[in-house]
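Residue numbers (this note's numbering), protein chains in the order written: chain W, 1384 to 1638; chain C, 858 to 1178; chain X, 13 to 309.
Working notes, beginning with the structure itself.
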Amino acid sequence: MSLLNVSDLRLSFGGLLAIDGLTFSVEEAEIVSVIGPNGAGKTSAFNCVTGFYRPTSGRITLRGRDLPGLRPSAIAGLGIARTFQNLRLFGELSVLDNVRAGTHLWLRQNVFDALLHTPRYRRSERECTEQAHHWLDFVGLRGDRYGAARNLPYGEQRRTEIARALARRPDLLLLDEPAAGLNHGEKAEMLDLIRRIQGLGVAIVLIEHDMGLVMEVSERVVVLNFGKEIADGRPEDVRRDPAVIEAYLGSDAHA
Amino acid sequence: MTSAVKVRKVGTDKPPTRASKFLQNRWAGLAGLLIALLAPFVNASPYALSVMTSAAVFVMLAAGLNIVVGYCGLLDLGYVAFFAVGAYTSGVLATRFDLPLPVTVPFVIVVTVIAGIVIGAPTLRLRSDYLAIVTLGFGEIIRITANNLDVTGGPSGIYGIPHLTESPVVFYYLTVVVVSLAVVGAARLGRSRLGRAWRFVREDEDAAEAMGVNTYRVKLAAYIAGAVWGGLAGVLFAAHLSAISPTSFTFLQSALVLMAVVLGGMGSIPGVVVGAVVISLLPEILRDLADYRFFLFGVLLIVVMLLRPQGLWPARSREVS
Amino acid sequence: MTQLVWNGLFVGSFYALVALGYSMVYGIIKLLNFAHGDLYMLGAFAGFAILGAVGGVSASMALPVLLMVLVATMLLTGLAGVALERIAYRPLRGAPRLSLLITAVGASFALEYGMRAAAGADPRVYPVRLGGTSLEVLGARLTLQQLVLVGVAVALMVGLNTLITRTREGRAMRAIALDPRTSSLMGVDVNAVISRTFFLGSALAGAAGVMAGAYYGKIDFLMGFLIGLKAFTAAVIGGIGNIPGTMLGGLLLGLLESFGTFWLGGEWRDVFAFGVLILFLTVRPTGLLGERVTERV
């Protein structure tokens, strides 16, 4: 059984078909990229998988379990974490607190532990902080961890968001344009980070416009155009697919 | 991985030291408590004691509202409803069923939790600004209902609620103890897993959901916690005055509590406590300004939001520049 | 029965007038202008002051004078609304919604207690009072004055609707409601349009205030509080942001209250109204004519 199965997914806003029959699957610890021109329905597909949109039809299953209809938080509870295209950090909270959010589902403490400061509370708080530091180390954050997240430079905010998602300890991580707005050096680091995340046994679905990164890191590439899936295969095959070249790579092949 | 370890040693990022944390919370708290405990030695006239007791009850209300507004970012404009529910539940049980006041406390908790769920469950799914008006409507519903029912004594309310103790000084100290516990409790909730989830909801609901925070349940928890704090403050209020009537639970009261929270600093426990003390003692100090007081409060609310939205004593996570 | 319907429609037309301002402002900048009810109060007091300045009015001249006062008051409250937006709301347009709501509460307080400081806490008696000749229609007793007031309310609402659906100005308002950023890129002066929206909404509230003052005879500084809440309820019933829906909501709330009072007694009227509000928000938060809004991630 695949980790994630999306079959014949359709999503319409009013009359507009944003996704028109998307089918793909993700195996454990695999890296799959979803590419396509702007407005092709990539982020909408993410939103369907994570429960922010309810698909019009089609199935989405995680290890055989149906996802549509569940709250996003319930889907997160099943082992999916995500980042957002335009960074959704908790801006006023500290960097550390942001990453602590990822541990929310793991902490075992209740209201009475918190009110009475029981040993269980102390233990779980310590664990929570350690975890947060651990994942910030893992993504290689350089900036101030105790300051407000919004004060970090852009690239660091991207890392923080990934650390937050990792602290969730997901089986499947959805990255929405993680390299957007990063400079050359930062992109190389991002590539390295994605590989290291895979090394943890986490499967990754990547939306990305940077073709170099996509071709380098993906094991499989799914190509969308106007909500329709036009290719699904190994990067080297997709690159040579005439339909893809026509629809997406078209004029400037290595943008 | 190795590079990451190296990076941490460079460490411009010093954690807040134990001392600075201590200063922020514990010292400020202890100093406040000390002032509260010593106040009767300065002036122990019945009037002064009554004013100070009221101020302490008001602090508890502000601490409760702070959970809803400050931590979770939900605007509750009818907070006094829970205060009323607590006071009336306690008052009715004490006068009609002759229960001692402390015995009424479990009932008050149950009733306020139910009230919190009844009003929160349908409305917390909506946009936050709808919640503001619905809570306002709810506050009016409670007040008018108390005004119309026989069991609540109608417009004249309930009187003859037995005092907890005959000595106003003892009662004052008792109130201070209860309120201190309530403030500490609210602060501890704020620093827990649930408290962090409240802030995540306040900052970005979608991102919180994506991290596995069930935002609906977390908001309801904030609402219920606020309701319980308000209800217990209501018990103290009933015990203090021994008479309650619908006029004590108008929108004006809700607005005053909100002002205490906003002026002090939403989400900041020391700020909210100071804000509550200032708002409740101000009319005693500025008697002459009575006519302009609420007008000034209104203007102050606008000015604070425009110039210093974090309040006079902001919460730490917002303090970083 | 017809009496209840008539009473409901009469009160409902007041609610509708006030609710329109709420709804327009909400439609365009998604702000619950909490101080809106207080602009109604401001209108009542402005009308009171103008009438006082004009001096004694003979009974025969009451109606024309009142109409002139109405126009002057609408101008005044309209400008007050514009000033309110300019001072308290505009600087916070990008701020979290919570800050804006709190500011609105502050504005409401400042208006109420500012008026209390200026005019005193006791109710004032309107120098002109409409009353008198009544006629029977289908078994309902209604006065000429009630008819005139309803007529004025309907005229104002029809005028507003024409303005919004037929003119360039209305198009600009609707464009901003849909997408402020794009509208501004398309050359719509967003600030100016928002100002005018506040002007219109506040002017209508002011008109309702004068009419209420002239009809009920007594005004006080807190008179806007309850009607603000009711107007919001009316807007929610009809579909907040939707102009015809809001008018419908106002009338409907009036009717509901009228019948609710008949069945439950006057002391439960407000409880009944807020109960309806909560019920609507639970069952159909978009209101009768409101459209479903999908919020994008």
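Each residue gets a CB set at the ideal place from its N, CA and C atoms; glycine is no exception.
Q. Going along chain W, which residues have a C-beta under 7 Å from C/Ala1054?
A. Simply His1487.
**Q.** Chain-order list of residues whose beta-carbon lies under 8 Å from that of C/Leu1038 (same chain, five-residue window excluded)
**A.** Closer than 8 Å at Cβ, skipping near neighbours: no residue.
Q: State yes or no: is the beta carbon of W/Glu1612 nearer than 8 Å to at least one beta carbon in chain C?
A: With respect to chain C, the C-beta atom of W/Glu1612 has no partner C-beta closer than 8 Å.
Q. Where DSSP assigns a beta bridge to W/Ala1464, which residues make up the other side?
A. Listed as beta-bridge partners of W/Ala1464 by DSSP are W/Leu1556.
(Q) Is there a C-beta anywhere in chain X that falls below 8 Å from the one on C/Asn923? (A) With 8 Å as the cut-off, C/Asn923 does not count as an interface residue toward chain X.
Q: Tell me whether C/Leu1120 is buried or exposed, calling it buried when 16 or more other Cβ atoms sit within 10 Å of its Cβ.
A: Buried is the call here.
Q) Taking the runs of the beta strand (DSSP E) that are 3 residues or longer, which of them lie wholly in the stretch 1591-1626 of chain W? A) Segments of the beta strand (DSSP E) lying fully in the stretch 1591-1626 of chain W: 1603-1608, 1611-1616.
(Q) Checking the sheet assignment: what are the DSSP bridge partners for C/Ala1100? (A) For C/Ala1100, which the question treats as bridged, DSSP gives the partners C/Tyr1016.
Q. Cα separation between W/Val1409 and C/Gly1052?
A. Distance between the alpha carbons of W/Val1409 and C/Gly1052 is about 36 Å.
Q: Measure the Cβ-Cβ separation of C/Leu906 and C/Pro1019 and say whether it is below 8 Å.
A: In this structure, C/Pro1019 does not lie closer than 8 Å to C/Leu906 by Cβ.
Q: Please confirm if the stretch 1487-1502 of chain W is in contact with the stretch 1048-1067 of chain C, defined as three or more CB-CB distances below 8 Å between the two stretches.
A: Result yes; three or more Cβ-Cβ pairs closer than 8 Å.
Q | Cβ shell of X/Tyr27 (< 6 Å), same chain only, five flanking positions each side left out | A | Closer than 6 Å at Cβ, skipping near neighbours: Lys242, Ala243, Ala246, Gly262, Leu265, Gly266.
Q. W/Arg1650 to W/Val1482, Cα distance in whole Å?
A. Outside the modelled stretch of chain W, which goes from 1384 to 1638, sits residue 1650 of chain W, for which no answer is possible.
Q. Since W/Ile1443 sits in a beta bridge, which residues does DSSP pair it with?
A. Answer is W/Val1389.
Q. For the beta strand (DSSP E) that W/Gly1404 lies in, which residues bound it at each end?
A. Here the beta strand (DSSP E) through W/Gly1404 covers 1399-1409.
Q. When you compare only the Cα positions, how much space is there between W/Gly1485 and X/Asn19?
A. Spanning the two alpha carbons is a distance of roughly 58 Å.
(Q) Between X/Gly221 and X/Tyr52, how many whole angstroms is the CB-CB distance? I'm expecting something under 8 Å. (A) Indeed they touch by this definition, with Cβ atoms about 4 Å apart.
Q) What residue from X/Leu43, X/Phe233, X/Leu212, X/Phe284 has the CA that sits closest to X/Ala129's CA? A) Selected option, being the one with the closest Cα: X/Phe233.
(Q) Considering only DSSP beta bridges, list what W/Ile1418 is partnered with. (A) Beta-bridge partners assigned by DSSP to W/Ile1418: W/Val1606.
Q: Look at C/Met1162 and X/Ile41 and say whether their C-beta atoms are less than 8 Å apart.
A: Result no, Cβ atoms of C/Met1162 and X/Ile41 do not sit closer than 8 Å.
Q. Can you tell me the Cα-Cα spacing of X/Val205 and C/Asn1004, whole angstroms?
A. So the alpha carbons of these two residues sit roughly 44 Å apart.
(Q) Using the three-state DSSP reduction, which class does C/Trp1086 fall into: helix, strand or coil? (A) When secondary structure is reduced to three states using DSSP, C/Trp1086 falls in the helix class.
Q) Could you give the C-beta distance for X/Phe237 and X/Gly49, rounded to a whole number, given that I count them as a contact under 8 Å? A) Contact between X/Phe237 and X/Gly49 holds, since their C-beta atoms are separated by about 6 Å, short of 8 Å.
Q.
List, in chain order, every chain C residue whose beta-carbon is nearer than 8 Å to that of X/Pro103.
A. The contact set of X/Pro103 on chain C, defined by CB atoms closer than 8 Å, consists of Leu1163 in chain order.
Q. Taking DSSP as the reference, what is the three-state secondary structure of X/Ser195?
A. When DSSP states are grouped into helix, strand and coil, X/Ser195 belongs to the helix group.
Q. Enumerated in chain order, which unbroken segments of the alpha helix (DSSP H) with a length of 4 residues or greater are wholly contained in the stretch 172-247 of chain X?
A. Inside the stretch 172-247 of chain X, DSSP marks whole alpha helix (DSSP H) runs of 4 or more residues at positions 180-190, 192-197, 202-228, from first to last along the chain.
Q: Quick one: using the 10 Å Cβ neighbour count with 16 as the cut-off for buried, is C/Trp884 buried or exposed?
A: With fewer than 16 Cβ atoms within 10 Å of its Cβ, C/Trp884 is classed as exposed.
Q) Smallest Cα separation from W/Ala1548: which of W/Val1415, W/Ala1401, W/Phe1521, W/Arg1617? A) Its Cα nearest to that of W/Ala1548, the residue W/Phe1521 stands out among W/Val1415, W/Ala1401, W/Phe1521, W/Arg1617.
Q. DSSP state of C/Ser1024, grouped into three classes?
A. In the three-state DSSP reduction, C/Ser1024 falls in the coil class, being neither helix nor strand.
Q: Excluding the 5 residues preceding and the 5 following X/Gly182 in the sequence, name in chain order all residues of the same chain whose CB lies nearer than 6 Å to its CB.
A: Residues of the same chain with a CB within less than 6 Å of the CB of X/Gly182, apart from the 5 flanking positions on each side, are Leu175, Ile176 in chain order.
**Q.** Local Cβ density within 10 Å of X/Trp275, reported as buried at 16 or more and exposed below that
**A.** Exposed is the call here.
Q. Are any of the Cβ atoms in chain X nearer than 8 Å to that of C/Val1156?
A. Yes, its Cβ sits closer than 8 Å to a Cβ of chain X.
Q: Indicate whether the contact test is met: 3 or more Cβ pairs, each with one atom in the stretch 938-957 of chain C and one in the stretch 205-216 of chain X, closer than 8 Å.
A: No contact exists between the stretch 938-957 of chain C and the stretch 205-216 of chain X.
Q: For chain C, find out if any of its Cβ atoms is closer than 8 Å to the Cβ of X/Glu181; answer yes or no.
A: Output row for X/Glu181: interface = no.
Q: Assign X/Asn45 to buried or exposed, taking buried as 16 or more other Cβ atoms, counted over all protein chains shown, within 10 Å of its Cβ.
A: Under this definition X/Asn45 is a buried residue.
Q.
Does any residue of chain C have a CB that is nearer than 8 Å to the CB of W/His1567?
A. For W/His1567, the closest Cβ of chain C is not nearer than 8 Å.
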